[in-house]
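First residue of the sequence shown: 3, per our numbering; consecutive thereafter. Using N, Cα and C, we set each Cβ at its ideal position, and we do this for glycine too.
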Amino acid sequence: MTGKGLGLLIVLGLAIIVGSQSLYIIKETETALTLQFGQIVDNDIPAGLHFKTPFLQNVKKFDARILTLDAQPSRFLTEGKKYVIVDAFVKWRIKNVLKYYKATSGDRFEASNRLADLANKGMRNEFGVRSLHEVVSGERDQLMSKLTADLNKETLDNFGIEVLDVRIKAIDLPEELSNDVYRRMRAERDREAKEIRSEGSELAEGIRAEADRNKTVTLANAYRESEQIKGEGDATASNIYAKAYSKDSEFYAFTRSLKAYTETFRSQDVLLLKPDSDFFRYMKDAQGK
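Structure representation (structure tokens):
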């Protein structure tokens, strides 16, 4: 290779190196700033292709997308002096890259720690002025909105971080408080069960008493009707007997005697009677005289 060709190759290599050090690309999902000898010379660089002074300036890039801080569950004291364990997360993003870099040196871990401390401080203040019922259900949405607004103002001013949302995943009671609550719940449920059972027993007694009364009334009415029917039947039978007797009293007396003989001698074969008793009336004389 000739000296001219070698020199051209060297120049081309240097041009490539200088070009690679001079050009840089910022993506749509990034934000960046330019440093020169450790001093910030440009910030909030828009997405696209950009130039910088080679070897003298360097570019710091940061994720501009919405990030999630999933904090460790923390213990807070409510207004009623009840402890709760809160598991929450924070949605945030870099809004002012200059403030962000000055406050955290561009360290995302440092930014997350500071944001977690501020979020815990805000939740401690908000939980401290609310009762357990309010933080669990009553004013939960209001609490989250206020906490998000207050936290966003503080982080935006101090760290260039925009807090988009603070949400609570779970609120749990400490084990000792949970056991106490469960005991009270069981006692309340037992009391309600006893009241319901007592009301049921009272209702059952009323139903049984009503059923017994109805039974007594029904049997009494049935007995009365049966006696009436029996009396009417006896009256009808007596009337029939009377009519039959009035038609032929002698024949009626004869048939009654035969029936008496049949019934008497069927059950016993020895009788002790006077010879002139009316029982032997038709045995002595067919005419009954």
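Closest Cα partner of residue i within the set the options
i    : options                : result
Q74  : N216, A105, E212, I173 : I173
E177 : A222, Y85, S24, Q230   : Y85
V131 : V88, T106, E81         : E81
A151 : A246, E229, V92        : V92
L71  : S24, A237, L35, R116   : R116
L175 : V137, A244, N223       : V137
Where the alpha helix (DSSP H) through residue i begins and ends
i    : result
L149 : 142-161
L37  : Unbroken run through L37 is the beta strand (DSSP E), 32-38; no alpha helix (DSSP H).
K104 : 99-106
Same chain, Cβ closer than 7 Å to residue i, neighbours up to 5 away in sequence not counted
i    : result
E265 : none
K171 : D89, A90, F91
A66  : T31, E32, T33, R95, I96
Check whether residue i and residue j have beta carbons under 8 Å apart
i    : j    : result
K62  : L100 : no
V168 : T157 : no
F64  : G108 : yes
D44  : L35  : yes
Y102 : A113 : yes
L153 : A189 : no
A262 : Y254 : no
Cβ shell of residue i (< 6 Å), same chain only, five flanking positions each side left out
i    : result
R77  : Y85, I87
L149 : G124, E128, V168
Limits of the unbroken beta strand (DSSP E) element including residue i
i    : result
K63  : 59-65
S114 : S114 -> not in any beta strand (DSSP E); alpha helix (DSSP H) instead, spanning 110-130.
T80  : Unbroken run through T80: none, as it is neither H nor E.
I47  : It is not in any beta strand (DSSP E) - I47 carries neither H nor E in the DSSP assignment.
I68  : Where I68 is concerned, there is no enclosing beta strand (DSSP E), given that its DSSP letter is neither H nor E.
L175 : Careful: L175 lies outside any beta strand (DSSP E) and carries neither H nor E.
Own chain, CB closer than 8 Å to residue i, minus 5 neighbours either side, in chain order
i    : result
A49  : I28, K29, E30, E32
T106 : E112, A113, R116, F161
V219 : none
Q. Does the region 45-64 come close enough to the region 137-157 to have 3 or more Cβ pairs within less than 8 Å?
A. With a cut-off of 8 Å on Cβ pairs, the region 45-64 is not in contact with the region 137-157, counting fewer than three such pairs.
Q. Per the contact definition of three or more C-beta pairs closer than 8 Å, is the region 159-168 in contact with the region 91-106?
A. Three or more beta-carbon pairs separated by less than 8 Å link the region 91-106 to the region 159-168, which places the two stretches in contact.
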